[in-house]
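Undergrad: The sequence shown maps to residues 2 to 238 in the working numbering. All C-beta atoms, glycine included, are put in the ideal place defined by N, C-alpha and C. Just so we're clear, the structure is a prediction, and the values are computed from it rather than from any experiment.
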Amino acid sequence: MADVGAKTGGGAGVSDGTRAPRGRIDKRRAILAAAETVFTREGYTLASVDAIATEAGVSKPTIYNHLGGKENLFRTVIIEAAAESRDRILAALEAFPADGADLPERLSAIAHRVVECQAGEQGWALQRLVYAEAARFPDLYDTIRARGTVQIVDSLAGRLARLAHSGHLDIDDPVTAANQFLVLISGDLPALTALGTRPVDAAALDHAVSAGVTTFLRAFTSRPQSVRGTAAKSSRV
Numbered sequence: 002m003a004d005v006g007a008k009t010g011g012g013a014g015v016s017d018g019t020r021a022p023r024g025r026i027d028k029r030r031a032i033l034a035a036a037e038t039v040f041t042r043e044g045y046t047l048a049s050v051d052a053i054a055t056e057a058g059v060s061k062p063t064i065y066n067h068l069g070g071k072e073n074l075f076r077t078v079i080i081e082a083a084a085e086s087r088d089r090i091l092a093a094l095e096a097f098p099a100d101g102a103d104l105p106e107r108l109s110a111i112a113h114r115v116v117e118c119q120a121g122e123q124g125w126a127l128q129r130l131v132y133a134e135a136a137r138f139p140d141l142y143d144t145i146r147a148r149g150t151v152q153i154v155d156s157l158a159g160r161l162a163r164l165a166h167s168g169h170l171d172i173d174d175p176v177t178a179a180n181q182f183l184v185l186i187s188g189d190l191p192a193l194t195a196l197g198t199r200p201v202d203a204a205a206l207d208h209a210v211s212a213g214v215t216t217f218l219r220a221f222t223s224r225p226q227s228v229r230g231t232a233a234k235s236s237r238v
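#1: Use the C-beta contact count for residue 206: other C-beta atoms within 10 angstroms, 16 or more gives buried, fewer gives exposed.
#2: Which of helix, strand or coil does DSSP assign to residue 46?
#3: Below 8 Å between beta carbons: does that hold for residue 48 and residue 39?
#4: Tell me the start and end of each unbroken alpha helix (DSSP H) in the stretch 25-97 that is at least 4 residues and wholly inside, in chain order.
#5: Three or more beta-carbon pairs under 8 Å between the stretch 214-222 and the stretch 105-112, yes or no?
#6: Consult DSSP for residue 150 and reduce its assignment to one of helix, strand or coil.
#7: So, do the stretch 53-65 and the stretch 76-87 have three or more beta carbon pairs nearer to each other than 8 Å?
#8: Under 8 Å by Cβ, that's how I've got residue 80 and residue 145 pegged, so tell me the actual separation to the nearest angstrom.
#9: What does a CB cutoff of less than 8 Å around residue 109 pick up in its chain, not counting 5 residues either side in sequence?
#10: Quick one: measure Cβ to Cβ for residue 122 and residue 45, integer angstroms, because I've assumed they're closer than 8 Å.
#11: So, under 8 Å CB-CB, residue 111 and residue 96 are touching, yes? Tell me the CB distance rounded to an integer number of Å.
#12: Per DSSP, which residues does residue 222 bridge with? Please list them.
#13: Quick check: the stretch 175-186 against the stretch 152-163, are there 3 or more CB pairs under 8 Å?
#14: Run through DSSP, which three-state label would residue 201 get?
#15: What's the C-alpha gap between residue 52 and residue 28?
#16: Using the Cα positions of residue 68 and residue 88, report the straight-line distance between them to the nearest angstrom.
#17: Would residue 208 be called buried (16 or more neighbouring beta carbons within 10 Å of its own) or exposed?
#18: Does the beta-carbon distance from residue 250 to residue 41 come in below 8 Å?
#19: State the DSSP-derived secondary structure class of residue 121, mapped to helix, strand or coil.
#20: Drop a sphere of 10 angstroms on the beta-carbon of residue 184, count the other beta-carbons inside from all chains shown, and report buried for 16 or more, exposed for fewer.
#21: From residue 172 to residue 100, what distance separates their C-alpha atoms?
#22: Quick one: Cα of residue 197 to Cα of residue 224, how far?
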């Protein structure tokens with residue numbers, strides 16, 4: 002799951018569209034940051050609202066007034082972390098090449114930025130929480146996927162489609178290609194970091210990401226029509 006990133010504590014609005022008072026926003030951020038710390042340290046079952054209140058330096062009633070009980074706190078921490086991770090990755094994709102000039106180098110630079118957004122220790126801790134509590138929160142994975150991964154894939158697919166339209170890539174299904182690109186560049190992360198429990202070796206990560214980009218380009222770089230025809234004939238032999 003490439004969705005859950007590092008620190009939570011996102012902004013808080015109110016239902017009528019007006020801005021919440023600064024003190025309320027700051028308190029909400031403090032509560033969410035404390036909840037993230039306690040959940041990743043203790044796990045969902047052992048975490049308590051009392052411990053979160055102590056960590057945040059607020060009273061227990063204050064937590065209930067701002068964010069409700071432990072279940073809603075957990076959901077909010079995970080969903081907002083996924084949103085922050087999504088926003089960082091979408092920002093990285095803004096530099097995606099719009100033409101074929103220096104495509105391997107530029108695509109590799111984008112891939113490294115995307116993977117850096119996924120490789121944080123705190124992000125892994127939150128992902129492990131999501132996996133551990135999947136039975137208790139069966140809808141949570143789908144929620145963060147819809148609000149994170151799907152938007153990332155859609156953004157990447159649109160950029161790949163433009164490169165295909167301009168003749169630089171040979172892609173029939175941009176969404177599938179986008180998913181494959183993300184898997185190729187980040188698929189080794191769980192093994193390289195032991196699910197985020199070990200520091201990642203920078204050289205090994207660089208090699209894995211670069212190899213993923215190379216494989217992607219070998220599969221999808223446009224070839225002259227005559228070459229494609231020869232390859233198609235060979236596949237039928």
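TA: Here's the rundown:
#1: buried
#2: helix
#3: yes
#4: 50-57, 61-68 and 71-94
#5: yes
#6: helix
#7: no
#8: 6 Å
#9: 210, 211 and 214
#10: Residue 122 to residue 45, Cβ: 19 Å. No contact.
#11: 6 Å
#12: 170
#13: yes
#14: coil
#15: 16 Å
#16: 23 Å
#17: exposed
#18: As displayed, the chain neither begins before 2 nor continues past 238, which places residue 250 out of reach and without an answer.
#19: coil
#20: exposed
#21: 15 Å
#22: 39 Å
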